Each structure stands twice: as structure tokens, then as C-alpha cells.
Amino acid sequence: MLPLASLDVLVVDCQTTGATPAHGVVLEIGWAVGLKHSEGLTRFWPAVFTLAAMVASMWLLAVAVRSLPVGTAYAVWTGIGTVGTAVVGILVLGEPATLIRVACIGLIVAGIAGLKIVS
């Protein structure tokens, strides 16, 4: 639950954009997983979805950095996306959940929490 709790670091003006940081993180995870399903952007429709998710995710990040330090916003955004993608890989795509891999994911979560604390 900690990575999603860290989303409040990425507050955007929802009245202006109609979007939330959570949407951007879901898109970040979606395009990363989409790269796998598009087989390296060689399958047309999965590639279209993947590229659209990339553009939308970057747009939401651009909105977030209007009011946040870019270093913190980008680190938290990509960190949560990385953890989410790794979890989807383990739970959905059958990737290995070795002790060292899970420990490294934990270190990323600790880094996200650290950035949230000092921001």
C-alpha cells in the first residue's frame, strides 16, 4: 500500500486536468507491460495502445511538474511505475519472485517513501 500512498507527492490540479496522478501511474505500468504484449512494438494494436499510454503518461507527468520539483516528481512517478510493473510481471506474467528481486523492489519503495518524507 505504501507506493500508492506516495501518490499524494504528485498532486495535480484535478479541476484543470480532470486526471489524477494515479491515472498516470496506471498508464506508466500499462505502457511498460504493453511493450511485452506488443512484442517490441511489432504487433500493430498492442503497439498503438502502448504508444498512446506513453504519451498520456508523459502528459500527466508534465502537468504534475507544474507545481512540484521535477526531480522528486519524476523519481516518485517512475519509482511507483517500476514497482507496479515488477508486481504485474510477477503476479500476471509469471516472472520469478526471487528473494533478491523482492528485496530490490522493497528498496525502491523505501526510496519513494524517503522522497515523500523530505519533500
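Residue 384 in the working numbering is what sits at position 30 of the sequence shown, and the numbering runs on without skipping anything. Positions of the beta carbon are idealized from the N, C-alpha and C atoms, including for glycine. Since the model is a prediction, treat every value here as computed from it, not as a measurement.
Take the alpha-carbon of residue 392 and the one of residue 399: they are about 8 angstroms apart.
Spatial neighbours of residue 465 in its own chain (CB-CB distance under 8 angstroms, excluding positions within 5 residues in sequence) are listed in chain order as 429 and 433.
Rounded to whole angstroms, residue 427 and residue 396 show a C-alpha spacing of 31 angstroms. Non-local beta-carbon contacts of residue 411 in its own chain, meaning distances under 7 angstroms to residues more than five positions away in sequence, involve 378, 381, 382 and 385 in chain order.
Using a 10 angstroms sphere on the CB of residue 439, the tally of other CB atoms reaches 16 or more, which defines it as buried. Bounds of the alpha helix (DSSP H) holding residue 411 are 398-418. Excluding residues up to 5 positions away in sequence, 444 lie with their Cβ nearer than 8 angstroms to the Cβ of residue 450 in the same chain. The C-alpha of residue 435 lies about 15 angstroms from the C-alpha of residue 425.
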